[in-house]
Every structure is written in structure tokens, then in C-alpha cells.
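Chains as they are written, first to last, in my numbering: chain A, 3 to 362; chain B, 4 to 339; chain C, 11 to 349; chain D, 54 to 549.
Glycine included, each C-beta is placed from N, C-alpha and C at the ideal position.
Have a look at the structure below, then the notes.
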Ligand SMILES: Nc1ncnc2c1ncn2[C@@H]1O[C@H](COP(=O)(O)OP(=O)(O)OP(=O)(O)O)[C@@H](O)[C@H]1O
Ligand SMILES: Nc1ncnc2c1ncn2[C@@H]1O[C@H](COP(=O)(O)OP(=O)(O)OP(=O)(O)O)[C@@H](O)[C@H]1O
Ligand SMILES: [Mg+2]
Ligand SMILES: [Mg+2]
């Protein structure tokens, strides 16, 4: 009888969507634990400005995975509502970053002082990338162009636009305070990007709790016709998810440019769109839209970063790294595929049944 | 006369149109050539140049390079220039084919990849267009181009490595950040270091490509720091990557620069990089001279004047800067 | 013209989109001839578009097939790069034969096809993820096989590479007054054969129609007695196989192996298919459209480079703007038809 | 079929079901919604794999293995499934032939000719080359039937083929079925129309809650017994309903709650006027495609309104979008449940609260606890058969999905409820429940518009009928005029 009960709960855990990314994360961590426990070492030190900072692989994962986690939030919503993905986020992040630098530098590529408060620059960037999101949103929602294709436009143009905004200059900000967003705020030992990601997550949780965004996007993603007959405006909801993603992208842009205090239009946030989509998928969300689990996506993002960091740790050649990543990703998705899981549960049931028989 | 078999096989509607188009084209070809000749005459004998360059926002170096080309090849200087930019070799090749058909007189080329150019250049030669390489060499027969005005990346590497050797460090534990694999700059700058590592028993803590990307460089260096391995030299093949590496060092409170724990080396001589040198935060920056435009101009003038180009390969004059000796003047005159 | 307008409502989505594409292509090309003159009046410009895009045409055929079946394959660019690198290494370092290289290309294509097809069709994993992993894998493997790009000097190969199919009567005089024949590379011939084969496959065979059925409604197709899994498997298999062949044609065109080959080709293939009237949602599409899609896309690029925009950023922006215009027109026409 | 078991997560859909079909008989498969009829059929044709049990077929000495619909077809089993399962992007002809003909090539000419022959023989108003998606629902259903009958089959399965057909087409179908029967084809026929069962069937097998109740000869099972077998209890007489209906007294001084004047929408409906009073039940009647649905969609603002006004209690209100209508107290249950009604992957709970939630607005989410309360309330009230409130609605049987949707609209407490074919695909018991519910709501002061293809039903519930033809309102009947004959003659245009 007791056996039955445990079996039932095991089954339930297996069925829960969030199980997939958590299991993946655990597997990676266990792998590291076995091969080299120093992976888990976290030390408190001081950085060159004399501020206390934490460091270690785990901190690196939290730090570098932040951008991806933030993007995963917006990408999950877009995926849910439109059943497609935005592949322009990397390019839009370049635009956002370029705008920030443009406002901060005021047209002079190497200013002594920042020409505007950072918050102003950031808000302008938010506006810019919300506009980009709105552009995508209009194409997708109103003109009914498939998301991947609609966003192909900004994907093609984005980096050029970013270069154009700064007239092809590569501005450098030397002000210390600008680097806080990609580094550490004096007195706080946790990497700021992670704090920002945390803030974004909290905001998302609040939004999910105090609005009906979740229900609406899912309803629209699953059945547009019936959502419409229930008084929803699918066009607007799809549109708004792109705008929200735009905000996420602006935050990512800020972190990215702050990390190195300058920008390189052709490589900033390169290929991040693929990783963001991967995060959504690793979270067990259907890329065809509909139901989603935000937490799973966010964990998915950190899984990807954990994987990258692990591979760097083992000194895998960075250009060969995708190959290893691919193998792990395939293993993960295969083991979480419904058919495979059904097969597992079946054999698992078979084994336990046999055990029970033997005992009884 | 419809040579394009695809069209005739495709659809009925398309077929008619295609046939007439092509026929029309064939008819007008002859007259058009004459017209083209008239054109060039009427526009005051401007020399038509097609310039294929890498995307200018690739790096500060490229921006400066593109700017200098734009300033040189203007109508005032007697040129009619078309530009094509791409970081992808195949797109560059397509652009070259296009320039041939557009009937340029000179093709100026800074190739994304060293390989894959010989058959295109053959076409170019067949069309009677002259080729001048700038900035980057390619892997093709010398007869296919008139001149090559390039940086000697291997020499840049050697200068840097010699400098490093002269520092006389107790031990050399090096983080080597490479550019995009296979680009001339990467091959040249890596070559010298690899050689030294082999001969002098230096240790490569890690050798990774960061693809000219500061962020990637930061991640790679971060990973080395996290692993706790010792290192005392960062050999970054571009300023951008050096900057990324330094960001990681700062985070971990590892001192760098003149007389500090880690020696930081970069390439390209961006102005901001030279300023870092001036502040003694970095140790070395190798120059890569982007100003080939005047040389190219000279070559073209020579050829147009019916003269022979004296040297087929012109190597740009380049230096390496040491943080201990650099002056504000250097920054102003060599920074790009 | 009048007839087509009259029957606009009766056209299937597929044919309507095809018509738009073909019309737009010709309008664009003729406009370029009239306003830009320069190279566009020379036939060789057109053949160069074909030469440069032969591999893209092949890859896009496969992509269209997968898209018609309701899937997507973004690994094709990676496969092309892997194929060219493997062939290059085989030819130069192992002194192989061209025939052997072709076999390698086919084998790589088949290998990717079988694995990806199996994962998508039989394990029901989302094609985007499978092929994303495929792309990562192929790109990573390419650098593992060999990091540095190099020219292939194998004589047999160089001969094959320089083989040209001369097109009589369309040549032009060059600057030096020498007559230069118009030509296409053998890759173009391969591409055209594949276009025709695919057209026949999709139009005249049961299998071809079942691709449409599965893309239209998978559940229904199942209940209509179609082997959905096998159909999906075959579509992915063929797509990767085309990536393999396309890879070899690409290799034949550039004659070198490099990890950076065919960067972003998957996006070009998808864009071409879409411009050619294939829907990402499945069930609608046409190979002839895809062929014209490739031509349109590269004509756009050619026009942009001919106009002589002085700043680098205009290239990206203009191409995107034209793509945008195209898509919006397409969407508006479809919407009006639905009404 | 012997001892078939099938369960879905949380549901035991079939338990130890036996079923036998003989050559040349028409065998009705009966049961209330969610009894497992469709599931049994899908197991038989290999759409679902069974958990256990065997299938035997004449001419095969061992149990046959059917893993896919293709296998079933090859064994001579042809099927029309409950929801139309054709490919909308292919042409009519292709839909008829795809997946069932041998060979590699596709001969368009021959196929189109064949298809035209079938279309003609069945009098289906469609062209072979037409894209299927552009055909109406009924035509698609007929095409599906045409496809199934054309197959050289030993067993024909029809799962609720008549739910979207009108009487003439049903007659055609029956003739077809009798012909096939004469040829020795065994036919399994699923329907909720008892009349139809008694018209054509020889035997009846009754399922209840996934279990076999029994197999009966048609003569031995009178209607009342059949119904009680299906429901597991005696059914109250239908005459109840009628008496309840008479409680509504139309007094002229009652002003209309809702009034429409000169309304038309871009879906193609002609101008029409309309009114409804408090506590009244009225109905739209007419032939298939006469525009009944379009009328009510226009009132609800579901299609784009091109002209006309709607008045509520005498005041003009602006209704251009569904949300406007909802805010004005109108609720609309669409006829195409799968496309316009359910949100498949969402839970029953979310489906129930959806409309209310939308009305409350973006910033006032209904708490989880509250949502469960509502859900449980309506699951109980409408006796919805579901494993839990968290089950995705798409795994409910068709009838129960319909009830969830009714629950959704009742939750918004509308003043005016529009039900477009609420009883389509619903078992007898539930049908009567729904009719009763309608009358109860009306007696509580709700105005209801009730549309149904079954005239009986309309007569039982409605006090006033609007008759439509060719997308025009052609007449209005009430009181004494409400008889079958009168309706028919008005529809046929005999009066005017
Ligand atoms: N795919 C599925 N997943 C989960 N449960 C399902 C699925 N399909 C059917 N069921 C469940 O199986 C039971 C039987 O459903 P079935 O569709 O066979 O009923 P039915 O007799 O055809 O009813 P109706 O007359 O409404 O069509 C129902 O309780 C339903 O909830
Ligand atoms: N004669 C016709 N030819 C083609 N299409 C028609 C015809 N009559 C109606 N239709 C289409 O069929 C649809 C049926 O309209 P509507 O749903 O309003 O009719 P209905 O009376 O509710 O029929 P149903 O019984 O199918 O619900 C409309 O969308 C209309 O476009
Ligand atoms: Mg059923
Ligand atoms: Mg209707």
C-alpha cells in the first residue's frame, strides 16, 4: 500500500512540467560535484575598487545567466500568445545598448562625463525597444505574419540600426557608476545582473498575480477564435506581449553595455535569441503556444548558463562548445519527451509491480 | 535564345515573360555597352572602384579603416566608389561578381576569409578588372592581383611576442584570447605566440577564441579565474577582447598593468586602449594600421599613368606600444 | 491579367502566393534593368545570381518541404558548413576523390536527416529545438574537424569547380574588348534538377500530397489513413539530405572549407521559402515559389548593393525594409482574399 | 471486440467492453455524453492504442492488430469520425482519396473525375477542385461520408454524422446506409437522435460510463427503456417541459429588453429587425445555412457590424465587439464548440471563469480559491462529468464540454442568453436538462434565444420563432401558429 502511494507521487512529479528543467539542473550539478567539487566553492573577496564581492562558478552562473533569464520571461509570453518566437531580441538589445550610449555620450564618442543621468538613458532605451517590440507586434498581431518571419526583419536590420544610432562610432563610457549594472554595486557582494534579474522576476510574479495576463495570453495562444468571442482582443494581447518582451530586451541591453562600458554592434548579445528560445523549450513549454510555465523557463535559462559555464570549466574550445551543448540539449529533450517518459513510466510501473509481486 | 532552362521548365506564365526579357536583354547588350562608355566619359573620367570591406562596426579598427577609404575615394579625388560590406565570405564573393557586371575599373578587397577567392579573381581578371587587396591577404595566386597593401599580422605578432619575452617574467602563464579563427589577423597573431610557447616553455593556461567579442573574452577569463588557475599574462588579439578580459580581472580584484600581477596585451591601438596604456592599466598594444587608402591611391595613380607597380606587396608600417614609454603624443597620433 | 483577377477567389492560397512572388520578382528585376542599368542589363548578372545561390536554392527546397509539413529545420546552414569542411579535409588531407566527397556530403545529410527525423517524428520533440541542437552540433563539429579555413587544391576538385556550362549567345564584351561567354556553374544545373524533382514530388505523387495533408492538420491526416510519423520523418530526411547536397554545391562554389561558411543560411532559406509563398504554419507552399523566393531575395540584395548606399548600415536596413514591404503586401492580399 | 480496456490519465474511458457487429446489419452505439462511444471507435480504428483486449475480424483466425487508421482501412474498416477530420488546405477531391489509394503517383484528372462522380451521386454542392476549407460544415460532413462510403469496406463506422446535417441530407444518408447493408456491409452508427436509431438500426449496444450495459435487438427495446438504459435511471416525461413553458405569458405592455433595428454584419446577413422581452424564450429557425447563426453573431458583435442599431431597454447601446455585448448583459454560446467555444488546453476551471474574468477586467484577477468555488458550483449544477476542475477541457467528451461552456456564460449572470445549437451532439438526458434549464432561467427573468436544428426542441421551448431563409428574416410565428406544419410552410416560403 505504501508502495502504491510513493509510486503515485513519483508519477506526479514526473508529470509536472517544472520537473524537467529542475532535473536537468540537478543532473548538471551532480555531474560537476562528481568530477570536481571545487565547482561549488564560493568565496567572498574584494574587487579592484575595494568592494566586497562573491565569486566562484555558481556566482558566475547566476551572473551571466541573468540576461537569458530576463529574456526568457518575455520570450515565454510571446511564445504563449503567438505560438512563435522572436528572433530579433539580440539585434534589438544592440539597439537598446546603442541608444543608452548615445544618450549618455550625447553624440561625442568619448565624453569626460556622462551627458545624462543613467536612468534617463535607460528609459529612452526602454522606449526604443518597446517601439521595436511594437513593430514586431503589429506585424504579427495585425498583419498576421508568422512571428519568426516578422521578427526576421528586425533581426536583419537591428544591428545596422544600432550602428546608425551612434553614427558608427564605438563610444566608451569611463564613468565608474555605469559599470555597476554589469558588475557590482559598492557594498553589495552579489552581482548586479543577478539582482536585476531577480527584480524582473519579482515584477513578473506580481504582474502574474495581480493581473490576468497569464490567463489571457494562454487563452489567446490556445484558441484565438474563442478568446475573441469571450471578449478578449487577441490582436492587442499579442501586441502587448511583444512590447513586454521589448522592455526585457532593454534591460538586457543595459546589462550588456554596462559589462564592458562600450558596445560592439555586430557581436553584442550575439545568438542570444537562440538561447532564449532554448530556455523556453527546456522549461518544457510548447513552442507552438498555449500553456506556459514561467518559472520553468527561467530555470531553463540558468540551466543553459550552467551548461556553458561547465563546458568552459572543462576547457572545451569555445567554438566547439555548441557541439557539446547540442548533445546535452538533445539528451534533455529526449528524456523529457512525452513518448519517452510514457515508456519510462511504463517500465517503472513494470519494475515496481514485479517487486511487489516478489515481496508479496 | 533563352538560355535559362529553369524558367522554361518552371511555369507557363513565367515562361513567356522570361523569354522576352532575356531576348530584350540580349538585344540591348551591345548598345548598352556603348552607352556605358559614354557614361564614363561624360562623368569626367572618374575611375570606378568597387570596394569590398568588412562590416565597419566589427571593431574600432574597421571603423577607422572604412572612414579613411570613404575620405579618399571621392569624386573630388577622381573616383566613383561603390561599397559593399559583409563579414561573410560568400556575400563578399557575390558582391565581387556584382561589381564585375557593374563594370568597375578596380576592385579593392579586404576579404573576410583568406580562402575561397581564386576562381572569383579569375573572373575578375577575365573581365579586365584590376584587383588591389588591402588590409588582409588572401590565399590566392599573386598574379591575380595588382598589389596588396596589407598589415603583416605575423610581424605584429612577432613584435608583441618579442616584447613579451623582453619583460623577463619569472614564468609565463598565458591566457590567449584568439580572434575569429581563420581570419588573417588571428592566424598571424596566434602564430607568433604559438611558436614562442613551443620554444620557450611558456605555459598556455587557456587558448580560446573569443571571436573578437569582449563579452566572450570576459566569460573565458572569468572561467579561468573561477578555476583558481594561476596566470600572469593576457594575450588578447584585439583591444575589445582585452577590455573584456580586464573587466573580469577587475571583478576578481586581480591587479593588472605596469608592475602589477597580470600583464595585459592588446592589438589595434584604439584611442581608448592607448589611454589605458597611458594610465598604466595595460602593458602593451600592438598597432594595426588601418590607413591604407593613400597607398591604394598611389598604386592606382601609377597604373593609370601606365607605370609599373614597384612592389606587389606593400606592408604597412606598424609599431608596438609599451605602457612605460607611451606618450600623450602617441595616443593622439596613433590612436584610432 | 483580367482573368487572374477574376478568379482570385478561386485560387488556392498556394497559387495566390506563388503568383504574387513571381510578379514581384519580375517587376523588381525589370525595374532594376530600367532604373539601375549597370550590371542588370547583362545576362551574366542573372546567371551570377544563380551561381551564387545554387546551394541556397537546393537548401530552400528542402526547407520548403519541411515547412509544408508543418515543421522547421534551422540546422541546414550548419550542415552546409560541416559538409564543406569535411569534404575539404577529405580532399586535401586525405587526398580523396571528388566522388568520395560527394558520398561524404550525402552521408552527412542522411545522418542528420535520420537523427533529426527520428527525434521529431517518432519521439514527438519540437522540430525547432531538434534542429537548433542540430545547428549547434554541426557548427561545433565543423571547428572540431578543422579550425582553420583553407583552400582546396586537389586537382580533380579544382577541375570540377572550374567546370562551366557555357550559355551561348548571351555573352558580353569586357572592358578590354574581349568577348566573355555567359556561363553557369554545375551547381546551378544540380539545383534546377532538384527544383524539378521536388516540384514533381510535391505535385504528382501521393507522398507529396501527404506532406500537405500533414501540414494542414496532423490529426486529420492521421485519421485519413496517412502515416503521419513516416511522412514527417521523410520530410526531415529529405531536408537534411538537401542540406548535404546544397553543402556540396556550396563547397563547389567557394572551393574552401571554413567554420564560418553559410552563416545564417537557414534564415535565408526560411525567408526565401516564405517569400515564395510557403507558410510556416504548414500545409501551404510551392517549390516554384521557393525558387523565385531565392531569386527575389538575392535580387533585393543585388539592387541594394548596386544603388551604392554610402553607409554600411543602409544595406541591412534597406534589405529589411524591402522584406517588410513584401511580407505586408503578401499578408494584405491574403486577408483581402479571405474576405 | 472483446474485453476492451482503455484509460486516459484520470479517466477510465472503457472497461471490459465487448462489442459484436454482424455482416449486413446497422448497429447503433448508444450512450450519454462521455459514455465512451467515440473512444471505443477510436480504439477500433487504431487512433488510440488499447490498454488491453482483442479485436477479431471475419476471415482472420487470430486477433487482428490495428495500430493506426491506415491498418484499419487496409482491413476494410472505414470511418467517419465525430469531429470532421479532413484537411482544410487540400482540395475536395484530395480529401476523398488521400491515404486510401494505392500506388505512388497522383493522377489528378482521374481523381477529380472520380470525386465529381461521388459528389454528384450524393448530391453534394461542391466542386472537386475546390479547397475544402471553403466549404460549409455540412458539406464537409457529407464529403467525409462520401469518402467513407466510397471505400470498398466491410465495416463502416459513422460517429454522429447527422449532427450537422439537415433532414434531407439525413434521408440521403439513410438510403445510402440501407444500400450498403444490402451489400452485406456492417455499419456502426452513433447518434443522439432516437428517431434516427429507430428508423434505420437493427441492433443497439448501450454503453454507460465506459461499461457495457448490453446489446439488444431493436424490437425488444422500446424508446423509454433505451433511454433509461443509457442514463441508468428513468427519464421524466418530456411533457413536463411543455407545461413549464406555458408559464410564460406574453403581455403586450411588456417592453422589449433588447431591440435591434436594421442590423447587418459583414458576414453577409441582410438587414433585420429583432426584439426580445424579459423572460421570453424565442428562437431562430430555418434551413441549414439560412443565416441563423449570423443573426445572433451580429447581435453579439462577433462579426463586424456594418449597420443598424441595438437598443437595450429603449436606450441605444453601442455594440461593436463581443466585450461590449457582454458588458450589456448579453451572453453567446457559439455553435462551433471546438473552434469558437472551448479553450482546449486550459482547465475546466479556467474555461468556466474565462468570460467573467474578461468582464471583470485585466487588473482584477479572480483568486484561485474563488475560481475553484465557481467551478465546483457549476460542475455540480450542470452535473459535468470531469475528473477534476483541473482537467484540460479538451479531454472531456463533447457533451460535457458544451455544459462547461454553458456554465461559463451562466456565471456572468447575463440578462440575455443566446444559445446557438446548444444541444448539438448532446445525449437525450442532457438535452432535456438543457431545455429545462432554459425555461427555468426564463422564468427567473432571463431572456433567451434558442437555436436548434430540431424543430421539436424549438417548439417545446420557444414562445416565438423567427423564420429565416437565404439570410433574410421571412416571418415570425408565435402562439397558435407554433406548429410543425406552419413552420415548414413558412420556411418553404409558401405563405408569402
Ligand atoms: N484524449 C483524451 N484524453 C483524456 N480523456 C479523454 C480523451 N478522450 C476521451 N476522454 C474521456 O473519455 C470519456 C469517453 O469519451 P468519448 O469521447 O468516448 O464519449 P462519447 O460517448 O463519444 O461522448 P459524446 O456523445 O459526447 O461524443 C470521457 O469521459 C472523456 O472525458
Ligand atoms: N448557399 C450557400 N452557399 C454557400 N455558403 C453558404 C450558403 N448559405 C450559407 N452559407 C454559409 O454557411 C454559413 C452558414 O450560415 P449560418 O451559420 O448563419 O447558418 P445557420 O442557419 O446557422 O446554419 P447552421 O445550421 O449550419 O448553423 C454562412 O457562413 C454562410 O457563409
Ligand atoms: Mg463522441
Ligand atoms: Mg448556425
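Of all the options the options, which has the alpha carbon lying nearest to the alpha carbon of residue i?
i	options	result
residue 153 of chain B	B:307, B:290, B:279	B:290
residue 494 of chain D	D:396, D:468, D:519	D:468
residue 263 of chain D	D:69, D:143, D:137, D:422	D:69
residue 252 of chain D	D:86, D:228, D:162, D:239	D:228
residue 132 of chain B	B:335, B:286, B:303	B:303
residue 43 of chain C	C:312, C:144, C:246	C:312
residue 247 of chain B	A:262, A:184, A:255	A:262
residue 437 of chain D	D:473, D:486, D:470	D:486
residue 524 of chain D	D:326, D:171, D:431	D:326
residue 46 of chain D	D:516, D:531, D:526	Past the boundaries of the shown model lies residue 46 of chain D; chain D is included only from 54 to 549, so the question cannot be answered.
residue 105 of chain D	D:460, D:71, D:113, D:123	D:71
residue 298 of chain B	B:146, B:135, B:218, B:283	B:135
residue 180 of chain C	C:285, C:55, C:26	C:55
Less than 6 Å between C-beta atoms, sequence neighbours within five positions excluded: which residues of the same chain meet that for residue i?
i	result
residue 123 of chain A	102, 105, 106
residue 406 of chain D	419, 424, 427
residue 135 of chain C	129
residue 135 of chain D	91, 212, 213
residue 447 of chain D	397
Please list, in chain order, all residues of the same chain as residue i whose beta carbon is under 8 Å from its beta carbon, the five residues on each side excluded.
i	result
residue 171 of chain B	none
residue 43 of chain A	58, 59
residue 35 of chain B	With a pLDDT of 42 at residue 35 of chain B, under the threshold of 50, the modelled position of this residue cannot be trusted; read the value that follows with caution. The answer is none, since no qualifying residue turns up.
residue 198 of chain D	133, 175, 211, 214, 226, 229
residue 35 of chain A	41, 42
If I measure Cβ to Cβ from residue i and keep anything under 7 Å in the same chain, skipping five residues before and after, which residues do I get?
i	result
residue 166 of chain C	107, 108
residue 115 of chain C	93, 97, 254, 255, 257, 258
residue 373 of chain D	354, 358
residue 44 of chain B	For residue 44 of chain B, the predicted model reports a pLDDT of 40, less than 50, meaning its position is unreliable; a value from the coordinates is still stated below. Cβ neighbours of residue 44 of chain B beyond the five flanking positions: none.
Checking the sheet assignment: what are the DSSP bridge partners for residue i?
i	result
residue 424 of chain D	Partner(s): none; residue 424 of chain D has no beta bridge.
residue 53 of chain B	B:85, B:110
residue 334 of chain C	Answer is none; residue 334 of chain C lacks a bridge partner.
residue 161 of chain C	C:266
Let me know the beta strand (DSSP E) ranges lying completely inside the segment 180-221 of chain C, each 3 residues or longer, listed in chain order.
Runs of the beta strand (DSSP E) lying entirely within the segment 180-221 of chain C, each at least 3 residues long, are 189-195 in chain order.
What are the start and end residues of each continuous beta strand (DSSP E) run of 3 or more residues lying completely inside the segment 115-165 of chain B, in chain order?
Here the runs fully enclosed are 133-138, 150-153.
Continuous alpha helix (DSSP H) assignments of at least 4 residues falling wholly in the segment 231-296 of chain B:
Listed in chain order, they are 242-254, 274-281.
Residues of the segment 333-361 of chain D whose Cβ lies closer than 8 Å to any Cβ of chain E, in chain order:
The question asks about chain E, but that chain is absent: this structure's protein chains are A, B, C and D.
Please give the ranges of any alpha helix (DSSP H) in the segment 257-304 of chain C, keeping only runs that are unbroken, at least 4 residues long and fully inside the region.
List check, alpha helix (DSSP H) in window: 275-285.
Considering only residues of the segment 172-212 of chain B, which uninterrupted beta strand (DSSP E) runs meet the minimum length of 3 residues and lie entirely inside it, listed in chain order?
As far as the segment 172-212 of chain B is concerned, its whole beta strand (DSSP E) runs of at least 3 residues are 176-181, 206-212.
What ranges does the beta strand (DSSP E) occupy inside the segment 84-146 of chain D, keeping only unbroken runs of at least 3 residues that lie completely in it?
Listed in chain order, they are 105-107, 130-133.
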